[in-house]
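Line by line, the protein sequences are chains B and Y.
If you want the numbering used here, it's the 1-based position in the first sequence plus 31.
If you want the numbering used here, it's the 1-based position in the second sequence plus 6.
From the three backbone atoms N, C-alpha and C, an ideal C-beta is built for every residue, glycine too.
Input: a single structure, listed below in structure tokens.
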Amino acid sequence: MSSIPSTHAAGHDDHHGHGEHAKYPFLAHHFETPAHQFDSAKLGMWLFLATEVLFFGALFVAYAVLRVRFPEVFSYASHYLDTLMGGVNTCVLILSSLTMAMAVRFAQTDRTQAMLVCLVLTFMGAVGFMVIKYFEYSHKIHEHLVWGKTFYVPPEGELGQAERAELSKAPEPPPATLNPLDPAPAIVPTLAVLPAVEASAIKPASRGPVGLATPREQAQVERLPVPSEDPAFTKPALHLADPAMPANTHLFFAIYYCMTGLHGIHVLAGMVMLAWLIWRGARGHFSSKYFTPVDVGGLYWHIVDLVWIFLFPLFYLIH
Amino acid sequence: MTTIDASRPIDLAARPDNYLTHSRGFLSWALTLDHKRIGVMYLVAVLASFLLGGIFALLLRTELLTPGQTIPGVTADVYNQFFTLHGAIMVFLVIIPSIPGALGNFVLPIMLGAKDVAFPRLNLGSFYLWIAGAIFTLLSLAMGGFDTGWTFYTPYSTTTSTGGVIPVLFGVFILGFSSIFTGMNFIVTVHKLRPPGMTWFRMPLFLWAIYATAIIQVLATPVLAITLMLIVVERLVNIGIFDPSMGGDPVLYQHFFWFYSHPAVYIMILPAMGIISELISVHAHRHIFGYRFIALSSIAIAIFSFLVWGHHMFTSGQSPLMNTLFSLISFSVAIPSAVKVFNWLTTLYKGNISLTTPMWYALSFLVLFTIGGLTGLHLATLNTDVHLHDTYFVVAHFHYVMMGSALIGMIGGMHHWWPKMTGRMYSEKLGTAACFVIFIGFNVTFFTQFYLGSQGMPRRYYDYLPEYQVYHVISTIGSYVMALGFVMTAYCLISSLFSGRKAPANPWGGGSLEWQCTSPPPHDNFATQPSVGDCYDFRSLRWDEKEQGYVVDPALAAEAAKHPLH
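Written as structure tokens, this is what we have:
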């Protein structure tokens, strides 16, 4: 792009007029200087990030409401998530954020080749994240660790054999726990086989609110094994066969798939964006005089990263 | 001290170029990046939707003429679809995009003194998102319609067997993003594209209102978007987050929905308030009273709008403490609203009022908004709300605010800027007559409903007890009168395109920048950067018979310059 003059335009010069438009091919007609255009684009992107925060915000609120209502579900079901895979994915995303930040810096300093390398590395990070995510999801779906009623259906084939055997022994659920509006619930017994107090994996507070439980009930609860605090606890291979599984455990997986799924869609969108940046970068569009798309694209990639930084501990690291 | 440039060409035929004639052909419109053309396209699209929503309204009112079935074939289920469609179309396709999308797009950059909005391509994208959303909404009709009410309350919306629920949810989701991108565009435009001299407190009040609206659009709409997606997922794969039989919480849905939809009420009313500030000051030829108070009350309303959503849920099992707090904060919204109303009244006081069509709409707004606002206080009061909840009183209240205020403000603004947009003057007599017919029809329709509601007639009902019939008949007759008024308005405006007198640059005596450029404006708005002054200082303007509009009188300007207002 030898036609681009070599003046450093990112600095604020006060010269206005149509001369600027002749000098900078990417300067839109209603902006006066490249810096003016850059500032506007950046403000626009920050506003978009605000909408993204609120977009995810509603799901975080749903998470909080469910977790306050069913703390035992979250502390139990979290053990079915693979912390190693999640941790690796966290590292992959943080590294990709680093390469993205470096790409922005290289664009600003006219090092186009280095910028392209960094953009490709960021893209590879996104691909890596999605591949690991794919293995995590497919493993869980295989074991029917999913949303809704399928969670209570034993998996097909050998995997579900023990569960089916276990379920055939389980007593019928008390009718009161079923939805009276639903004449034929597909949910199988474990939804509420055990009284809620016994099913809880959470140790009751040593000094809870007065009147919460009689001392006798409390003593009864404390005798129960608490799987999540037991050092010998390993997650049961088959969740349906596990008598310690609290009621409504499917809700953990519902919100898990909603939030990580929405995040995954954002990663895919980020991959499209990165591909576009690489394509334009390879055509020599970016330089110290025009790096707005790299910069605002970087902002988007960082928020995708940031959302995962919250999702990882909220789902994988509950104890 | 004025912004009007007297040297503008007077000979209308000699005008070289305007945005309408700048380029020709379908693609020059479909792919345009010109904010003025996008505004006109929004206007046409929104008015077409308004016609559709209005037809559903008339069908509803006709069905309610007698208890039981009135129109052959309209069963209770069909009736449910009618009111749902009426609500969804009017809210999501008409009122929310109307003022920002149509009038805001056209006027905002010119008023600001900018060449365009900050992101013209995104602006066109918003319009096509609107089109896509509208297509999905119509598609839902083809796929069996939907009868959830425009609020999509769970568990009904996740269990109803009507086939159009998922398409319309996608439609509203897309419309939401159209609204978000418009809001983002306007915020950045106001922040970054103000020309030298256009300080925050020199901006016309319409821009303050649009800016406050844009903040709400950007911050509230994403929550609705994700909530609707959760319902889609719930319907498709039954995740159970809102389903009580699976441990979920339907009240959580209501919180999410109203966290958007209450601010959305202000997305509807704030731009109308901005229009009224312009109309009252310009057509009373008097400097707006309390400029800063009106400007900042828009921001105050935007902030309050996020803190009152719980007043839709007083009977949904919220805790008494929450109810009390939401009730208290809801009352406090009355303060910035009343600040505006009293400032408008004071502007009119001793003003030199021209009773033009836009002014009649502004005066209608004052009456209707006051009634709508004050009846809101009945509903914000906890104990009266328990009685009035889900009755026609609520229906009447929000029609006074959403239609009597937001839409009347929109139509008033349309009449105000019509000469600027089209370059044609409409018939004042017909326009005023139509305004009167609409005003009378509106009050006959909806004032009756206050009484109906306080007597216990529940909303959304297909059938009713015979003692309510006389009020339903009155209300229905009112709706026919109103429909007649809108037909008159449509005739008045459309006929002006063919036989209207050519519009002068400044037909009303406005002082903001859009009246500086010709009618219709040239393609790039301003040949040279306009000078910015106090847009509500009208002292240097006088009526010019030859121009048939207002022009700057140099003698008056010199006199005004000696006595600055500030």
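A residue is called buried when at least 16 other Cβ atoms come within 10 angstroms of its Cβ; Y/P202 does not meet this threshold and is exposed. The beta carbon of Y/H393 is closer than 6 Å to none in its chain, skipping five residues each way along the sequence.
Judged by their CB atoms, B/F137 and B/M131 are not nearer to each other than the 7 Å cut-off. Excluding five sequence positions before and after B/T323, the CB atoms of its chain that fall closer than 6 Å to its own CB belong to F69, A72, given in chain order. Not one beta carbon of chain Y lies nearer than 7 Å to the beta carbon of B/N120. For Y/M190, the nearest CB of chain B lies under 7 Å from its own CB, placing it at the interface with that chain. Sorting B/P102, B/R100, B/L308, B/L348 by C-alpha distance to the C-alpha of B/L152 places B/L308 at the top. The residue among Y/M431, Y/W514, Y/G437 with its C-alpha nearest the C-alpha of Y/S502 is Y/M431. Sixteen is the threshold: when 16 or more other Cβ atoms of the shown chains lie within 10 Å of the Cβ of Y/F445, as they do, the residue is buried. Scanning the region 518-550 of chain Y for uninterrupted alpha helix (DSSP H) segments of 4 residues or longer gives nothing; none is fully contained.
By alpha-carbon distance to Y/L242, the top candidate from Y/P173, Y/L571, Y/M209 is Y/P173. In this structure, B/C289 and Y/L175 do not form a Cβ contact; the two beta carbons are roughly 15 Å apart against a cut-off of 8 Å. The alpha-carbon of Y/Y297 is positioned some 20 Å away from that of Y/V113.
DSSP, reduced to helix, strand and coil, places Y/P510 outside both helices and strands of the structure shown, so it counts as coil. Excluding sequence positions up to five before and after Y/M463, its CB lies within less than 7 Å of the CB of T397, Y398, Y470, Y474, all in the same chain and listed in chain order.
Around the Cβ of Y/A148, a 10 Å sphere holds fewer than 16 other Cβ atoms; the residue is exposed.
Looking at the DSSP output, B/Y321 bridges to B/S318. If you check each beta-carbon in the region 277-289 of chain B against every beta-carbon of chain Y, the ones closer than 8 Å belong to A278, N279, H281, L282, A285, I286, Y288, C289.
Interface residue (Cβ-Cβ distance to chain Y less than 7 Å): B/L348 is not classified as such. Counting C-beta pairs with one atom in each stretch, the region 549-568 of chain Y and the region 38-55 of chain Y have fewer than three that are closer than 8 Å, which means they do not touch. Classified as buried, B/V177 has 16 or more neighbouring CB atoms from the shown chains inside 10 Å of its CB. Uninterrupted alpha helix (DSSP H) stretches at least 4 residues long and entirely within the region 87-164 of chain B occur at 102-108, 114-139, given in chain order. Here Y/S485 has A63, L64, R67, G447, T451 as same chain residues with Cβ atoms under 8 Å from its own Cβ, once five neighbours each way along the sequence are excluded.
Under the DSSP definition of a beta bridge, Y/R430 partners with Y/K508. Annotation note: the region 17-94 of chain Y contains the following uninterrupted alpha helix (DSSP H) runs of length 4 or greater, listed N- to C-terminal: 32-36, 41-69, 82-94. Around the beta carbon of Y/M328, a 10 Å sphere encloses fewer than 16 other beta carbons of the protein chains shown; the residue is thus reported as exposed. In this chain, the beta strand (DSSP E) harbouring Y/Y556 covers 555-558. Relative to the Cα of Y/G429, the nearest Cα in the group Y/L331, Y/I282, Y/T524, Y/D543 belongs to Y/T524. Setting aside the 5 residues that flank it on each side, Y/T168 is surrounded in the same chain by G150, G151, F152, D153, each with a C-beta closer than 6 Å to its C-beta; the list follows chain order.
Taking 7 Å as the cut-off between beta carbons, the residues of the region 255-268 of chain Y near chain B are D255, L258, F262, in sequence order. Closest in alpha carbon position to B/I125, among B/L345, B/F341, B/H350, B/V84, is B/F341. Taking 7 Å as the threshold, the shortest C-beta distance from Y/D122 to chain B falls below it. One finds A124, F125, V194, T195, H197, K198, L199 in chain Y with Cβ atoms closer than 9 Å to the Cβ of B/S71, taken in chain order. Here B/L348 is exposed: its Cβ has fewer than 16 other Cβ atoms, across all protein chains shown, within 10 Å.
In the structure shown, the three-state DSSP call for B/T280 is coil. With distances taken between CA atoms, B/F343 lies nearest to B/G295 out of B/F154, B/A278, B/G295, B/L269.
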